[in-house]
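Visitor: After the structure tokens below, expect a handful of questions from me.
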Amino acid sequence: MSPGQPSVAVLGTGIMGGPMAKNIAGAGLDTRVWNRTREKAEALGLPVAGSPAEAADGADIVLTMLAEGNAVESVMTEGGALEAMRDDAVWLQASTVGIAATERLSGLAEERRIAYVDAPVLGTKAPAEKGELTILASGPDAALDICEPVFDAIGAKTVRLGEAGGGTRLKLVTNTWLLSLLGDLAESVAFAERLGVEPERFLEAIDGPTGSPYAQMKGPMMIKRDFSTSFPLKLALKDLELVLEAADRHDARMPVAGATAESFRRAIDQGHGDEDMSAVFYASAE
Ligand SMILES: NC(=O)c1ccc[n+]([C@@H]2O[C@H](COP(=O)([O-])OP(=O)(O)OC[C@H]3O[C@@H](n4cnc5c(N)ncnc54)[C@H](OP(=O)(O)O)[C@@H]3O)[C@@H](O)[C@H]2O)c1
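Each position in the sequence shown, counted from 1, maps to that position plus 561 in our numbering.
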């Protein structure tokens, strides 16, 4: 532990929260963790709290990295974390929760007079493990300054985006691009196989200006049917639904995102929800 550095409570030690907590502790910050399934938290070798409230008590920063908005809300309210926080502590909300939940959560922080930082992240399991996430940070400057050592520990890049909510809006735009790209890639690989085109040749052909490094990363997983999870398909559908919810509120026409969400739903209905999101491949292939 480094003197003068903030102490951090990490609530949620799943695929992302676990390695983030390890990196925060590795940077010398006093770190304690809580997770609904306690064993996952224990596997990290860090101090484990028995409840969200116990973790939040006395921490300078409470970092939430949970599946979705309702989980964050219940951990912070029913779990007692918000009540237990010091008045000058910062709530660093990094889960992807969308616009409506961000408004709800920041409203809860405001009622409790706690500084709220909205900071979803870009990057998946491997960048989380390497401390190379991109942090889309928004909120009051003073609170962002307090969180800076955490951003440094978990990320390669932090982008400051003004008032809380700016991070979430950019995250939605990024996810629109990325998840539609993934759906399109899945369909193209499956189509290649249908046409008797070797899918490796397709990836080779687009390895240049017409392609994307993302296709080179996720395409081979589809070809090998290796869907070991970096980001669960069911959470990727949650992200697309947040995009569509925001589109609805802001009168944006998003036909591609809508069709992509249908493919994600189809693959989940076939039983692939806990596999990597590249298993959206099964929406187009047997
Ligand atoms: N994986 C990625 O590539 C990635 C990238 C960027 C952003 N994200 C976002 O990061 C967040 C976490 O994702 P992840 O990939 O780490 O998912 P994950 O491995 O499935 O972890 C989800 C976490 O939420 C907890 N949780 C779920 N429902 C809960 C509830 N009702 N009450 C209390 N805890 C609950 C889980 O606890 P249990 O362990 O008990 O189930 C676990 O700690 C999500 O918002 C996701 O969209 C993920």
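Note that the Cβ used here is the ideal one computed from N, Cα and C, for glycine as well.
A quick note: this is a predicted structure, and the numbers were derived from the prediction, not measured.
1) Just how far apart, CA to CA, sit Met-592 and Ile-622?
2) Contact between the segment 712-729 and the segment 777-789 is defined here as three or more beta-carbon pairs at a separation below 8 Å; is this criterion met?
3) Should Leu-731 and Leu-697 be called a contact, given that it needs their Cβ atoms to be closer than 9 Å?
4) Relative to the C-alpha of Leu-805, which candidate in Pro-793, Leu-794 and Glu-823 has its C-alpha closest?
5) At what residues does the beta strand (DSSP E) containing Thr-719 begin and finish?
6) Does the structure place the segment 830-847 close enough to the segment 777-786 that three or more beta carbon pairs sit under 8 Å?
7) Which one of Gly-579, Ser-667, Ala-617 and Ala-797 has the shortest CA to CA distance from Glu-603?
8) Starting from Tyr-775, follow the alpha helix (DSSP H) in both directions and report where the run begins and ends.
9) Can you tell me the Cα-Cα spacing of His-833 and Pro-793, whole angstroms?
10) Taking 9 Å as the CB-CB limit, is Ala-753 close to chain C?
11) At the level of alpha carbons, what is the spacing between Thr-719 and Lys-686?
12) Output yes or no for whether 9 Å exceeds the beta carbon distance between Thr-657 and Ser-699.
13) Rank Arg-647, Asp-648, Gly-606 and Arg-597 by C-alpha distance to the C-alpha of Met-626 and give the top, closest one.
14) With a threshold of 8 Å, establish whether the CB of Phe-763 neighbours any heavy atom of ligand 1.
15) Between Ala-818 and Ser-741, how many whole angstroms is the CB-CB distance? I'm expecting something under 8 Å.
16) Phe-825 to Gly-565, Cα distance in whole Å?
17) On a CA-only basis, which of Tyr-775, Leu-722, Pro-608 and Glu-765 is nearest Trp-738? Give me that one, please.
18) Straight-line CA distance for Ser-749 to Arg-814?
19) Between the beta-carbon of Val-682 and the beta-carbon of Trp-652, is there less than 9 Å?
20) Might you give, ordered along the chain, the residues of its own chain that have their beta carbon closer than 7 Å to the beta carbon of Leu-607, omitting 5 neighbours on each side?
21) Do Ala-620 and Ala-544 come within 9 Å of each other at the CB atom, strictly closer than that value?
22) Beta-carbon separation of Leu-798 and Asn-736 under 9 Å?
23) Just mark Pro-816 as buried or exposed, buried being the case when its beta carbon has 16 or more other beta carbons within 10 Å.
Guide: Let me lay it out:
1) What sits at residue 592 in the sequence shown is Thr, not Met. About 10 Å.
2) no
3) yes
4) Glu-823
5) 716-721
6) yes
7) Gly-579
8) 774-785
9) 9 Å
10) The displayed structure is made up of one protein chain only, and chain C is not part of it.
11) 18 Å
12) no
13) Arg-597
14) no
15) 6 Å
16) 46 Å
17) Tyr-775
18) 24 Å
19) no
20) Ala-582, Ala-586, Thr-592, Arg-593 and Val-594
21) The structure shown does not extend to residue 544, since the chain is modelled only from 562 to 847, so the question has no answer here.
22) no
23) exposed
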